[in-house]
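Going left to right, the sequence shown walks through residues -20 to -1, 1 to 233 as mature numbering (1 follows the signal peptide of the UniProt record, and there is no 0) numbers them.
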Amino acid sequence: MKSLQVAAVLLLLFFGHSVAHMVTFYVHNKCPFPIWPATAPNTGHPVIANGGFYLPPGQMQRFEAPWTWNGRIWARTGCNFNSNWQPACETGDCDGRLQCNGLIGIPPATLVQVALQGDKGKPNFYDVSLVDGYNLPVSVTTRPFSPKCTIGSCSKNPNNFCPQELQVVNKNGEVVACKSACLAFDIDSFCCRNEFGTPEKCKPSVYSKMFKDACPSYYSYAFDMPPPMVNCASKDYVITFCPSAWGTDQAYI
């Protein structure tokens, strides 16, 4: 009997320790259509949330990550995993799989980038990037809500005014994503590389300014200044795709 009590205490201590070293993400779909959120870890970090899942309109999915996790989270759209054609999704596809299993989605897709620090006394870093392009608006905040820990959504939908040379169009002729200039043209000056690999040499383009105007809280190109990165210590984060009131705090709850 005593050995069972000792085992129970050890299990409780282990479980409590494990819970204390986890961060919880709540992914909310406020889009009027289903999405397929996906995750991809940086090198050396584990796959979380099975790498991807289905999320109907109006629903929220909760999952956990180790408190030192680094990686990216995005949403796929227009997916059909019952067909034999590739890719399975119109945007953000990862080799036609529901569970990406560590694979990075095909750009363009709006990326939430996360770097957890593994210490309650240290802030976690996160941002939203359009460096490779855009497919959906997204907001990120802590739970409970804190204005200083929030990345706001877009005031306008870039897909609605995306230049033809950047457009990703589905089989129905609808613009479902907007490429960045780097992704579309693969030119050093747009990609901030080689001789343009410094903030002094790589400046905003007419294309990145278009993204910045619509989504001022996101990275619009590699050397966006000031860096639109947020650092806040929290155990709970809410990621909302298609916030119902774009650009307002009420969208993030």
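Glycine included, C-beta positions come from ideal geometry on N, C-alpha and C.
Distance cut-off 7 Å: residue i Cβ against heavy atoms of the ligand PLP
i    : result
F125 : As far as ligands go, the structure on display features none, and thus does not contain the ligand PLP.
Run of the beta strand (DSSP E) containing residue i, from where it starts to where it stops
i    : result
K192 : Looking at the DSSP string, K192 is not in any beta strand (DSSP E); the run it does join, the alpha helix (DSSP H), is V186 to A194.
A18  : W16 to P21
V149 : Q147 to V149
Run of the alpha helix (DSSP H) containing residue i, from where it starts to where it stops
i    : result
S200 : Neither: S200 is in no alpha helix (DSSP H) and is coded neither H nor E.
C162 : A161 to F165
Residue j beta carbon less than 8 Å from that of residue i
i    : j    : result
D107 : M190 : no
R77  : I15  : no
L116 : N104 : no
G32  : V156 : no
P17  : V7   : yes
E70  : N174 : no
T220 : V111 : no
N81  : V27  : yes
Y201 : C172 : yes
N9   : L35  : yes
S169 : C158 : no
A213 : S185 : no
I49  : H25  : The amino acid at residue 49 is misidentified as Ile; the sequence shows Trp. Yes; because the gap between Cβ atoms is below 8 Å, this pair is in contact.
A194 : P124 : no
Which of helix, strand or coil DSSP assigns to residue i
i     : result
G82   : coil
P46   : strand
N174  : helix
L35   : strand
C126  : Checking the sequence shown, residue 126 turns out to be Ser, not Cys. S126 falls in the coil class under three-state DSSP.
A68   : coil
S133  : coil
V(-2) : Only weak support exists for where V(-2) lies, its pLDDT of 48 falling under 50; the value from the coordinates is given anyway. Helix, per DSSP.
P138  : helix
T228  : Residue placement at T228 is flagged as unreliable, the pLDDT there being 41, under the threshold of 50; a coordinate-derived value is accordingly withheld.
D168  : helix
N62   : coil
Strand pairing of residue i, partner residues [DSSP]
i    : result
F5   : F43 and Y217
F105 : A95 and N211
I53  : T19 and V92
S119 : T220
A157 : V148
G113 : K159
Test: residue i CB closer than 8 Å to a CB of chain B
i   : result
N60 : Judged by its chain identifiers, the structure shown contains no chain B, having just a single protein chain.
At least three beta-carbon pairs within less than 8 Å, the stretch 44 to 62 to the stretch 83 to 90: With a cut-off of 8 Å, the stretch 83 to 90 and the stretch 44 to 62 count as touching, because enough Cβ pairs lie within range.
At least 3 beta-carbon pairs within less than 8 Å: the stretch 136 to 150 vs the stretch 42 to 49: No, the stretch 136 to 150 is not in contact with the stretch 42 to 49.
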